[in-house]
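Colleague:
Residue numbers (full-length UniProt numbering), protein chains in the order written: chain P, 1 to 778; chain G, 1 to 214.
1) Just tell me which of P/704, P/165, P/42 and P/684 has its CA closest to the CA of residue 354 of chain P.
2) Exposed or buried, what is residue 291 of chain P when buried is set at 16 or more other beta-carbons lying within 10 Å of its beta-carbon?
3) On the criterion of 16 or more Cβ atoms from any shown chain inside 10 Å, does residue 404 of chain P qualify as buried, or is it exposed?
4) So, with DSSP's three-state summary, where would you put residue 782 of chain P?
5) Taking Cβ-Cβ distances below 8 Å as the criterion, which residues of the segment 473-496 of chain P are in contact with chain G?
6) How far does the beta strand (DSSP E) with residue 182 of chain P in it reach, from first residue to last?
7) Among P/320, P/440, P/301 and P/332, whose alpha-carbon lies nearest the alpha-carbon of residue 308 of chain P?
8) Starting from residue 248 of chain P, trace the beta strand (DSSP E) both ways and give me its first and last residue.
9) My output table needs one value for residue 102 of chain G: the three-state DSSP class, helix, strand or coil.
10) Rounded to a whole number of angstroms, what is the C-alpha to C-alpha distance between residue 730 of chain P and residue 659 of chain P?
11) By Cβ distance below 7 Å, which residues in the same chain neighbour residue 428 of chain P in space, the five residues on each side in sequence not counted?
12) Within the chosen definition, does the segment 116-135 of chain P reach the segment 247-260 of chain P through at least 3 CB pairs nearer than 8 Å?
13) Is the CB-CB distance between residue 175 of chain P and residue 128 of chain P below 8 Å?
14) If you measure from the beta carbon of residue 501 of chain P to each beta carbon in chain G, is any gap under 8 Å?
15) With residue 111 of chain P as the anchor, note down where its beta strand (DSSP E) starts and where it stops.
16) Quick one: which residues of the segment 25-58 of chain G get their C-beta closer than 7 Å to a C-beta of chain P? List them in chain order.
17) Using a cut-off of 8 Å between C-beta atoms, extract the partners of residue 79 of chain G located in chain P.
18) Excluding five sequence neighbours on each side, which residues of the same chain lie with their C-beta closer than 7 Å to the C-beta of residue 138 of chain G?
19) Decide if the segment 110-123 of chain G is in contact with the segment 30-38 of chain G; the criterion is three or more beta carbon pairs, one per stretch, under 8 Å apart.
20) Check the Cβ of residue 171 of chain G against every Cβ in chain P and list those closer than 9 Å, keeping chain order.
21) Starting from residue 46 of chain G, follow the beta strand (DSSP E) in both directions and report where the run begins and ends.
22) Examine chain G for any beta-carbon lying closer than 8 Å to the beta-carbon of residue 379 of chain P, and answer yes or no.
23) Quick one: using the 10 Å Cβ neighbour count with 16 as the cut-off for buried, is residue 11 of chain P buried or exposed?
24) Output, in chain order, the set of chain G residues within a Cβ distance shorter than 7 Å of residue 383 of chain P.
25) Under the rule that 16 or more other beta-carbon atoms within 10 Å means buried, what is residue 779 of chain P, buried or exposed?
26) Can you tell me whether residue 500 of chain P is buried or exposed? The criterion is at least 16 other CB atoms within 10 Å of its CB, across all chains shown.
27) Would you kindly work out how many angstroms separate the C-alpha atoms of residue 475 of chain P and residue 448 of chain P, rounded to a whole number?
28) Note down, in chain order, each residue of its chain lying with its Cβ closer than 7 Å to the Cβ of residue 282 of chain P, except the 5 sequence neighbours on either side.
29) Sort out for me which residues DSSP pairs residue 20 of chain G with in a bridge.
30) Below 8 Å on the Cβ atoms is my guess for residue 524 of chain P versus residue 540 of chain P; work out the distance and round it to an integer in Å.
31) Using beta-carbon positions only, say whether residue 469 of chain P and residue 513 of chain P come within less than 8 Å of one another.
32) Could you spell out where the beta strand (DSSP E) holding residue 426 of chain P opens and where it closes?
33) Would you kindly check if the distance between the Cβ of residue 66 of chain G and the Cβ of residue 386 of chain P is under 8 Å?
34) Identify the contact partners of residue 390 of chain P in chain G, using a Cβ-Cβ distance below 9 Å as the criterion.
35) Rounded to a whole number of angstroms, what is the C-alpha to C-alpha distance between residue 360 of chain P and residue 338 of chain P?
36) Using the rule of at least 16 other Cβ atoms within 10 Å of the residue's Cβ for burial, across every protein chain shown, is residue 478 of chain P buried or exposed?
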């Protein structure tokens, strides 16, 4: 975010900055090691009182000691001279900083009223003289902030001699490279010596950077979310700024470039004719700049003054010594502005009446445009940018229409046909929408087990929609909780990534069933479950429960009455509609309609039990049913499904009932123990370990099986089948039974064996010899 | 000099981000307050929120602190009450809204305050907002009563009107000021930014741990 804000702030800088124009006097003079003696007023005085004086001296001290001693006496001397030169004006200025390097001195004065707006004053120097490091040649620099623009001054003395052009170019590049300012100065500018002009204020030093100044002011930079996001202006990586990292840059000094390839006489002649154009063609600095060898980043004003070097001291005559050095514009002032019109030169001249040096002083007067940040407006702009960002962010949040937020599924039955309703999510936002159903607070699943959501996540492009199917179906997994009183009620949460949430309410009316209940609960029901539920009856108190669920008793009783002679009992699939009918009878307590469940109720009851007769009857029964079929429209019919379909359906009801128990007849925790039992005694002992209602159900069922077996004259195949089928539902492992059966076929065998301990006589069953015994019997 | 060693008058700014949740009975004007605060808009007829809406808004305080609220506006209907913890769980601040024309809504607000004080972050800053002052002719809750309650419960208190915008910015600004900015660890609840690929670093709405697998 901060990068964006920074960029937008830059774009709109003009809105919160005020342009001010200041005037700056820049003077440079090679004093040739002389003490101050001449009056400097002609050099320093200009019409208006400039806001800033930046004065550079070279060759302050030519003595050998100057290289070693950090001698301030010369500076004091020249400071006084400057003060004298300014005359009455001097009291209007404060020297805010000076920087000396051997013979180089740069002093900056500002008008008193500006002292508080000059900030972040920094200095540096670079010696490029002897050995490329000594201070006899080099540069000194002052960088400061005036209001909210940075101004940098450089005063230099480059290599001498007219042949040393390349060396001067190199010195220039070295100075540019080596004068640097830390972004976060941890030091203060050394206090300046007390100037005779005025007391020196201690410069307020604070953070400064190449970036726009308002960045250091109050614009948050770092971002880290949730709590404090970040602080700008803290320690940043130490990165040096160069002189070019300034809004305004002035370069002055004895650059030492000469007029080359022209005989002295010709130079003098051209000068007499004021033919600057020709002369400047031979000016080395102009040549360097034109060819971009040095100083090409800078601008320079038109020269209209005579070459400033070399004069006989105390005269305005060119060098008359033996060397007869050719005149040259060694002393120059150049500038560079970040904005195209940031600096304007008003004057560029030399001052020939000052004669104490072999150089003439040079001065330039500039106006500079200075930015002043208006904090109030800056805040306004900042707030508006942040608001823009908020708007952008809010507008680009994903958004959607959800077609419906409440779904009523009406009556929901156990194992009923799945009820599907659709909800459409339409992407009404401007971005790709990623949606996802998420769990509620502290829940694991996105919905209740009786609901399926398809798809539960996805993405939608703007303007398009996706239809989601919400399907309610109650199975053995989801039924127990519902039978125990939980409602078909859920709230789904559709979460849009990076955005809002939608809630969808699901309602339905569950019809409870005796299936998928704990046996302990069934025996405490005061009435059949549907009536108990509808009448909102509470469970019988513990101690008043019945011994076996009525529903089990009814199933077993029916099979006992009508199924013992059905020789493929528990091996033939029942009829789905009859199964549902039986279950509903069990749920409501309604009597079984024998006309539906028995092939011929009258005949059946009379003829129990002769298996041989069953075969004869088949054809007759089929005929009979084909006529009955037309009359049976409401109630389920087994039609031509086959013989004994009602009994088979009842048998399947028993199997399904047992299968639906959330806790099987043999509780899960005894499963492993039971399948590994190796003796009849141990098997019977297990019954002591299980809850009484489970034991009772187990005994009821095994008794029925014994009855069936006895009735069928110990058909060994039948016994095995019964034990296998009932064993598989009464003994269930907690893991997926079917999977486990596949993985371990022996598990089914072991379940069967466990059951066999209960449904065969001791005599008939001796451990591993069960099968042999039965075979022998046959 | 008096200004020696003085910090720059425009000290570096700080940007904080907080999760703010709105709670309150249905139809007291929670969404309207957010809409007024974020977009300076008002709808006379607004559909009830069925879910939790998310918006962000930044406030710039005078002391160069910038506070960005990520606002979760929750459904007020009773049937969704159990879902509220998802939204106030990691909230740094909450606005509990009631309707000054509906006496029952203040009771509901009080129960939300109680729940927040019991279940939410112990440092949560809670503001009580009596909305709909534009309907003061039908006022059912005296300002003084609600204010006294807010004072006792340690809540910020404002009577607002999302319709006229009265006190809406003041409400959120005073929450921003009340946030314990100095005590926050810089990296608390650090969240990544997810929208970088759109070229703008927008921050990610809060993700409950429960459903963070986006």
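Yeah, the Cβ is synthetic: ideal placement off N, Cα and C, and Gly gets one too.
Modeller: Taking the structure as given:
1) P/42
2) exposed
3) exposed
4) Given that chain P is displayed from residue 1 to residue 778, the structure contains no residue 782 of chain P and the question cannot be resolved.
5) 491, 493, 494 and 495
6) 180-182
7) P/332
8) 248-254
9) coil
10) 7 Å
11) 399, 400 and 401
12) no
13) yes
14) yes
15) 104-111
16) 38, 50, 51, 52, 53, 54, 55, 56, 57 and 58
17) 491 and 505
18) 101
19) no
20) Here the premise fails: no neighbours, minimum Cβ distance about 17 Å.
21) Unbroken run through residue 46 of chain G: none, as it is neither H nor E.
22) yes
23) exposed
24) 60
25) No information on residue 779 of chain P is available, as it lies outside the stretch 1 to 778 that chain P covers here.
26) buried
27) 12 Å
28) 259, 260, 261 and 262
29) G/71 and G/93
30) 4 Å
31) no
32) 419-427
33) yes
34) 38, 55, 56, 57, 58 and 68
35) 30 Å
36) buried
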